[in-house]
Structures are given as structure tokens and as C-alpha cells.
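Below you'll find the structure, written out as C-alpha cells, and then a few comments.
In the UniProt record's numbering, the protein residues as written are 1 to 189.
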């Protein structure tokens, strides 16, 4: 199984991932940000490209060895999508937890709060661009995802608001957030 924790910067993917990986017993967890800190703890931003390459290498090794693994991504680029296609071609099922917020300003605020607490910064223009691109990439690649859990993390405790299997909605809350309605429209009820 390939587990994908996706969503824009500041959406809370890392927090959600940390809550879930232990419960699911996922032993290989690929996080490019953590890899960058491991390469250069003082200047992880300078190591993003190296960390990204290492993350892809680790994921490919997991796929070739048929090991369950998780990866964290904004889903704003094509690398994880290519890995998902490769994993599917090698018999993996894909389980995605897509974590989002109702307003990109909340993403920006949460990243700023993370920086104040010593965490890594993301330029505001990147957060704004990824807000749209991430969701577009999800919608364009729903066919790759066997199990989709959409988490609205706008409030203090994230909530699974929609669940789908192979593009068919299996569960949804009564009052879907507006941003999740867009996803639902691309799925079968």
C-alpha cells in the first residue's frame, strides 16, 4: 500500500500523518522536509532539491521491494503523481489523505505561526499557487486513488468529511465544506 498525505502547506498534513502512521503501522514514512533537516539541520531550505531526490529514490526502492510506505506532498508538482502511477503499475493500492482548509489565508497564517515557533517558512506566493494547483492535481488524478479520505482541517481538530473508494463516494458529512464540494463533483455518488 502507498499512503499519500497531501495538501497545501500549512494545512496540517504532518500532524494528520503523525496521528495515522502509528495506527496503521506504516514503518517507512518519506517526508522531504524531514530529509532536508537530516541533510543540513541548520539550513534545510538549501537542501530541498537534494531531499526531494532522496525522497523519490526511497519511494522507488519501496515500490521495487513491495514495501508499504507513506509519502507527504503538497501535490502541486508531478513527482508524487508519477510515483503513484509507478506504484499502481507494480500492484500497489493507493490510499490518500487529502488535507485542506477552507481559505488559503488560513494556510498562510498557519505557516507564519509555524515559523514563529521555529519551523520552516514557505513564501506566501508559493502557498497561494499551490492552493489551486494541489486541488487541480487531485481532481485530475482521482482515478489513481483506491481509497480517498478528505480531511477538513479548518478547525482545531481535523475531520474526515468525505470518503471515497475507486472514485465512488462512500461517506460524507451532512454539511460539506465548499472546497470539498468541488472534489465531490468529480466523484460518483
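Backbone N, C-alpha and C fix where the C-beta goes; we use that ideal spot for every residue, glycine too.
The beta carbon of residue 160 lies closer than 6 Å to those of 149 and 151 in the same chain, with the five residues before and after it left out. In its chain, beyond the 5 residues on either side, 101 and 102 have a beta carbon closer than 6 Å to the beta carbon of residue 154. Counting only runs that start and end inside the UniProt domain "Zeta toxin" (2 to 155), the alpha helix (DSSP H) elements of at least 4 residues fall at 13 to 24, 32 to 39, 48 to 65, 79 to 89, 104 to 116 and 124 to 140.
In the displayed model, residue 161 falls within a strand according to three-state DSSP. Per DSSP, reduced to three states, the secondary structure at residue 180 is helical. Counting along the chain, the unbroken beta strand (DSSP E) around residue 168 starts and ends at 168 to 172.
Judged by beta-carbon spacing, residue 124 lies beyond the 8 Å limit of residue 76, meaning their Cβ atoms are not closer than that value. Residues 75, 137, 141 and 144 of the same chain have their beta carbon placed closer than 8 Å to that of residue 81, with the five preceding and five following residues left out of the count. In terms of CA proximity to residue 8, 128 leads the group 30, 128 and 69. Nearest to residue 97 by alpha-carbon distance, out of 79, 50 and 135, is 135. Taken atom to atom, the span from the alpha-carbon of residue 21 to that of residue 91 is near 21 Å. Of the candidates 164, 1 and 126, 1 places its Cα closest to the Cα of residue 27. Leaving aside the five residues that flank residue 184 on each side, the residues in its chain whose CB is nearer than 8 Å to its CB run, in chain order, 162, 169, 172 and 176.
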